[in-house]
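Per the UniProt record's numbering, the sequence shown starts with residue 1, numbered consecutively. We put the beta carbon where it would ideally sit given N, CA and C, even for glycine. To start, the structure under review is shown below, and the notes come after it.
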Amino acid sequence: MAPYLVDWRSRYRGTALGVVEPSTADEVAVAVRIASAHGVKVVPQGGNTGLVGGGVPLTKHEGSQQIVVSLRRLNRIRDLDLLDNVIVVEAGVILQNAQAAARTAGRLLPISLAAEGSAQIGGIVSTNAGGTNVLRFGSTRELVLGLEVILADGSIWNGLQRLRKNNAGYDLKQLFIGSEGTLGIVTAAAIKLFPLPHSCVTTFIAVPSPAAAVRLLRYLQSELGDSLTAFELIERVCLDLVFGVVEEARDPFEQSYPWYVLAEVSATVKEVVLDDIVERSLASAFEIGIAMDAVLAQSEKQRVELWRLRDEITEAERRHGPSAKHDISIPVSRISDFLARAPATVRTHVPHARPIAFGHVGDGNIHFNVLAPAEDADCINRAVYDLVTTLGGSISAEHGIGQSKIELLAHYKDRTSLSLMQRVRRALDPSTTFNPGKLVHVPPVRGSDL
Ligand code: FAD
Ligand code: MLT
Ligand code: ZN
Numbered sequence: 001m002a003p004y005l006v007d008w009r010s011r012y013r014g015t016a017l018g019v020v021e022p023s024t025a026d027e028v029a030v031a032v033r034i035a036s037a038h039g040v041k042v043v044p045q046g047g048n049t050g051l052v053g054g055g056v057p058l059t060k061h062e063g064s065q066q067i068v069v070s071l072r073r074l075n076r077i078r079d080l081d082l083l084d085n086v087i088v089v090e091a092g093v094i095l096q097n098a099q100a101a102a103r104t105a106g107r108l109l110p111i112s113l114a115a116e117g118s119a120q121i122g123g124i125v126s127t128n129a130g131g132t133n134v135l136r137f138g139s140t141r142e143l144v145l146g147l148e149v150i151l152a153d154g155s156i157w158n159g160l161q162r163l164r165k166n167n168a169g170y171d172l173k174q175l176f177i178g179s180e181g182t183l184g185i186v187t188a189a190a191i192k193l194f195p196l197p198h199s200c201v202t203t204f205i206a207v208p209s210p211a212a213a214v215r216l217l218r219y220l221q222s223e224l225g226d227s228l229t230a231f232e233l234i235e236r237v238c239l240d241l242v243f244g245v246v247e248e249a250r251d252p253f254e255q256s257y258p259w260y261v262l263a264e265v266s267a268t269v270k271e272v273v274l275d276d277i278v279e280r281s282l283a284s285a286f287e288i289g290i291a292m293d294a295v296l297a298q299s300e301k302q303r304v305e306l307w308r309l310r311d312e313i314t315e316a317e318r319r320h321g322p323s324a325k326h327d328i329s330i331p332v333s334r335i336s337d338f339l340a341r342a343p344a345t346v347r348t349h350v351p352h353a354r355p356i357a358f359g360h361v362g363d364g365n366i367h368f369n370v371l372a373p374a375e376d377a378d379c380i381n382r383a384v385y386d387l388v389t390t391l392g393g394s395i396s397a398e399h400g401i402g403q404s405k406i407e408l409l410a411h412y413k414d415r416t417s418l419s420l421m422q423r424v425r426r427a428l429d430p431s432t433t434f435n436p437g438k439l440v441h442v443p444p445v446r447g448s449d450l
């Protein structure tokens, strides 16, 4: 059972009575019914790539026992319809396999993140995963048309519709998306597909500062419109970490720059020569001082190499040692202010801390991770999240709350939102069978709550 009991970063190790591996939605439902009848708690698990300890059981849970329900054997693609532009996939399908099935059929499944070789559709839906294409296509929430979910009483909710419009009452699927396995177990999802791009340009751009990166983002959008599909900010120190662990990784430039942007431009219109348009736009960006240098991938191999510099940052950081991770969300206009203030704020409390910053700047989502011993984490977290709150931001943009941020959510979220979350959780899962100790605590019901 060992791999199921420890999270991707080895920060949380739990205990469980066993790991259940059903292969159909009915079998998941039976597992939930049996567990619930015996007061056993159920921890849903997908690819176990989550970064907040949501998919592993607690070390112990107030005397009650837990099982892990792994969805990995629910791995069928149930349907792919080119007229509806939809793919219907079971929860245990690995994201990369779902993308490949769509591509083979001539369609794009736009959800994309560095963990896509392991993360599963159920985990993607349950965390409302973001990733590198949110700028153009939105988060998972905006791409899911329907869900099939096992509820806490072991019944199956068939909400696996594929409608683009449906105002017949509450949009129930949205409750489960991003609920981190606390409200139900997702067994299948219907996800929107898009036309495959006919051409694509990937460019690695050196920029003088985060402020310049934000101006470059808006400038390129004004020149290229929706065809700008990815825009990732990378601080120099991140590349140095990657060079330390990926032997074949090469610096795209001959000299070092303080900040970089990895941008991708894709055209779905045929016969558009993207390279010329991108080169012209970049030339103007150099002239106005918001970009300093750029390389364009000349082949698929080079494209993959450039993306690797971005995608390996998390793994390089893990291998480097402990870090306090902050997956923060702030208005795009405040990114430069945040990045100007956050490192100094952290060092006031922990002078030896080494902050590194990268992320999905177009979504206002910065991964501001601080390399420091675990015992400094609480102090660093408070300093970072206080600043984020001052700037009108959120303590989690895309990774969720899990167990690592449950106390932080209780501290930073307003009382009314917390109470609504607790009431929703209690209504759907009165005995807290699903994923106890994750996302939000559910205190016992008092008379005044009824
Ligand atoms: P797990 O880790 O197994 O579970 C995550 C949560 O979902 C848990 O709370 C679990 O209980 C619940 N869950 C899992 N399956 C189900 C189900 N079928 N029904 C109900 N609940 C379920 N995330 C991003 O958003 N954007 C990124 O760019 C990104 N990059 C990453 C890069 C790396 C290298 C790594 C390691 C992680 C990254 N992540 C990113 C985080 C992670 O990959 C995502 O959160 C992903 O969606 C988790 O999927 P999973 O299948 O691994 O879920
Ligand atoms: C990513 O975008 O690579 C992950 O979400 C980031 C992280 O490691 O914090
Ligand atoms: Zn991310």
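Whole-angstrom distance between residue j and residue i, CA atom to CA atom
{"i": "Tyr12", "j": "Ile401", "result": "14 angstroms"}
{"i": "Arg415", "j": "Glu407", "result": "13 angstroms"}
{"i": "Val93", "j": "Leu74", "result": "7 angstroms"}
{"i": "Ala263", "j": "Val201", "result": "8 angstroms"}
{"i": "Thr140", "j": "Thr229", "result": "15 angstroms"}
{"i": "Gly47", "j": "Gly289", "result": "43 angstroms"}
{"i": "Asn133", "j": "Leu143", "result": "12 angstroms"}
{"i": "Ala377", "j": "Ala383", "result": "10 angstroms"}
{"i": "Phe137", "j": "Val56", "result": "30 angstroms"}
{"i": "Lys41", "j": "Ala190", "result": "28 angstroms"}
{"i": "Ala25", "j": "Gln255", "result": "54 angstroms"}
{"i": "His352", "j": "Ser23", "result": "49 angstroms"}
{"i": "Ala31", "j": "Glu305", "result": "44 angstroms"}
{"i": "Ala29", "j": "Gln403", "result": "25 angstroms"}
{"i": "Val246", "j": "Ala206", "result": "21 angstroms"}
{"i": "Ile234", "j": "Pro195", "result": "29 angstroms"}
{"i": "Val242", "j": "Tyr257", "result": "15 angstroms"}
Sequence-distant residues of the same chain with beta carbon closer than 6 angstroms to residue i, five excluded per side
{"i": "Ala102", "result": "Ile87, Leu109, Leu193"}
{"i": "Val295", "result": "Phe204, Pro252"}
{"i": "residue 462", "result": "Here the chain has residues from 1 to 450 only, and residue 462 is not among them."}
{"i": "Gly178", "result": "Asn128"}
{"i": "Arg78", "result": "Val88"}
{"i": "Leu428", "result": "Leu183"}
{"i": "Gln66", "result": "Ala16, Lys41, Val43, Pro57"}
Strand pairing of residue i, partner residues [DSSP]
{"i": "Gly437", "result": "Answer is none; Gly437 lacks a bridge partner."}
{"i": "Phe368", "result": "Ala357"}
{"i": "Glu116", "result": "Glu116 is not bridged to any residue."}
{"i": "Val332", "result": "The partner list for Val332 (beta bridge, DSSP) is empty, contrary to what the question assumes."}
{"i": "Gln45", "result": "Ser70"}
Where residue i falls, given that 16 or more other Cβ within 10 Å makes a residue buried
{"i": "Gly106", "result": "exposed"}
{"i": "Thr49", "result": "buried"}
{"i": "Gly53", "result": "buried"}
{"i": "Glu300", "result": "exposed"}
{"i": "Pro355", "result": "buried"}
{"i": "Met1", "result": "exposed"}
{"i": "Ser284", "result": "exposed"}
{"i": "Lys165", "result": "exposed"}
{"i": "Glu279", "result": "exposed"}
{"i": "Tyr170", "result": "exposed"}
{"i": "Leu450", "result": "With a pLDDT of 47 at Leu450, under the threshold of 50, the modelled position of this residue cannot be trusted, and the question is left open."}
{"i": "Thr433", "result": "buried"}
{"i": "Val269", "result": "exposed"}
{"i": "Pro436", "result": "buried"}
{"i": "Leu82", "result": "exposed"}
{"i": "Glu248", "result": "exposed"}
{"i": "Val346", "result": "buried"}
Other residues of its chain near residue i: CB distance less than 7 angstroms, five sequence neighbours each side excluded
{"i": "Arg425", "result": "Thr182, Leu183, Val440, Val442"}
{"i": "Lys405", "result": "Val52, Ile395, Ser396"}
{"i": "Gly364", "result": "Ser329, Ile330, Pro331, Val332, Ile335"}
{"i": "Leu418", "result": "Ala410, Val440"}
{"i": "Leu160", "result": "Val88, Gly146, Leu147, Glu148, Ala188, Ala190"}
Same chain, Cβ closer than 8 angstroms to residue i, five either side skipped, listed in chain order
{"i": "Ala267", "result": "Pro197, His198, Ser199, Cys200, Ser227, Leu274"}
{"i": "Leu339", "result": "Pro210, Ala357, Ile366, Phe368"}
{"i": "Gln96", "result": "Glu116, Gly117"}
Length-filtered (4 minimum) alpha helix (DSSP H) runs lying within the segment 200–263: For the segment 200–263, whole alpha helix (DSSP H) runs of length 4 or above, ordered along the chain, are 210–224, 236–245.
Uninterrupted beta strand (DSSP E) stretches inside the segment 128–187 (no shorter than 3 residues): For the segment 128–187, whole beta strand (DSSP E) runs of length 3 or above, ordered along the chain, are 144–150, 156–159.
3 or more residues per run - each beta strand (DSSP E) lying fully within the segment 8–41: 18–20
Runs of alpha helix (DSSP H) wholly within the segment 260–329 (minimum 4 residues, chain order): 274–287, 300–311, 313–320
Ordered list of beta strand (DSSP E) runs contained in the segment 53–88, each at least 3 residues: Runs of beta strand (DSSP E) with 3 or more residues, each lying fully within the segment 53–88, are found at 66–70, 77–81, listed in chain order.
Start-end ranges of the beta strand (DSSP E) lying completely within the segment 366–410, minimum 3 residues: none
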